[in-house]
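All remarks here apply to the structure that follows.
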Amino acid sequence: MTANDNNTASDLNSNPDSDSDGLLAESAAPTQQSNHSEHTDQPLPVMRLDDFLKRCGMAGTGGQAKYWIQAGDVRLNGEVETRRRKQLALGDVIECLGETFTLGPEHFY
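Letter 16 of the sequence shown, counting from 1, is numbered 16 in UniProt numbering, and no numbers are missing.
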């Protein structure tokens, strides 16, 4: 090894971002948006679409909610939604059989 090779190897080993092999660690790439509020460590509430239809009293059973969703009778934020396990978040607007609901904190408790 030459003097320059030693400097390079020692530079890599002294780099706080390098691992034990002297390879640079991957930089922290942005991750998917977590389900946490920006201002607190509390998770943001989420609810599945089929659960919402039961909780708000529209559907008496999960089977009834599933039927309406898969039949295209449910809209989420103006678009037909056929995924019964679609995760909802606060402020989502759900339409079913001519009734419109806005998902609010009261639906989680």
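Even glycine gets a Cβ: it sits at the ideal position worked out from N, Cα and C.
These figures come from a predicted structure and were not determined experimentally.
Nearest-angstrom beta carbon gap, residue j and residue i [assumed within contact, 8 Å]
{"i": "Trp-68", "j": "Leu-53", "result": "7 Å"}
{"i": "Asp-73", "j": "Leu-97", "result": "6 Å"}
Span of the beta strand (DSSP E), counted from its first residue to its last, around residue i
{"i": "Leu-88", "result": "87-89"}
{"i": "Gly-61", "result": "The amino acid occupying residue 61 in the given sequence is Thr; Gly does not appear at that position. No beta strand (DSSP E) holds Thr-61; DSSP gives it neither H nor E."}
{"i": "Arg-83", "result": "First-last for Arg-83: undefined, no H or E at that position."}
{"i": "Phe-101", "result": "99-102"}
{"i": "Glu-95", "result": "93-96"}
Close-in-space but distant-in-sequence residues of the same chain around residue i (CB under 7 Å, 5 per side omitted)
{"i": "Arg-55", "result": "His-107"}
{"i": "Ala-65", "result": "Asp-50, Leu-53, Lys-54, Ala-59, Arg-84"}
Secondary structure of residue i, DSSP reduced to three states
{"i": "Ser-34", "result": "At Ser-34 the pLDDT is 48, less than 50, meaning the model places this residue with poor confidence; the figure from the coordinates comes in the next sentence. It is coil, neither helix nor strand."}
{"i": "Arg-55", "result": "helix"}
Span of the alpha helix (DSSP H) around residue i
{"i": "Gly-78", "result": "Careful: Gly-78 lies outside any alpha helix (DSSP H) and carries neither H nor E."}
Own chain, CB closer than 8 Å to residue i, minus 5 neighbours either side, in chain order
{"i": "Gln-70", "result": "Thr-82, Arg-84"}
{"i": "Leu-90", "result": "Leu-44, Pro-45, Leu-103, Gly-104, Pro-105"}
{"i": "Thr-100", "result": "Val-93, Ile-94"}
{"i": "Thr-61", "result": "Lys-54"}
C-alpha gap between residue i and residue j, whole angstroms
{"i": "Gly-78", "j": "Val-93", "result": "8 Å"}
{"i": "Arg-48", "j": "Gly-57", "result": "14 Å"}
{"i": "Gly-63", "j": "Arg-75", "result": "18 Å"}
Sequence-distant residues of its chain with Cβ nearer than 6 Å to residue i (five each side left out)
{"i": "Lys-86", "result": "Leu-49"}
{"i": "Val-80", "result": "Gly-72"}
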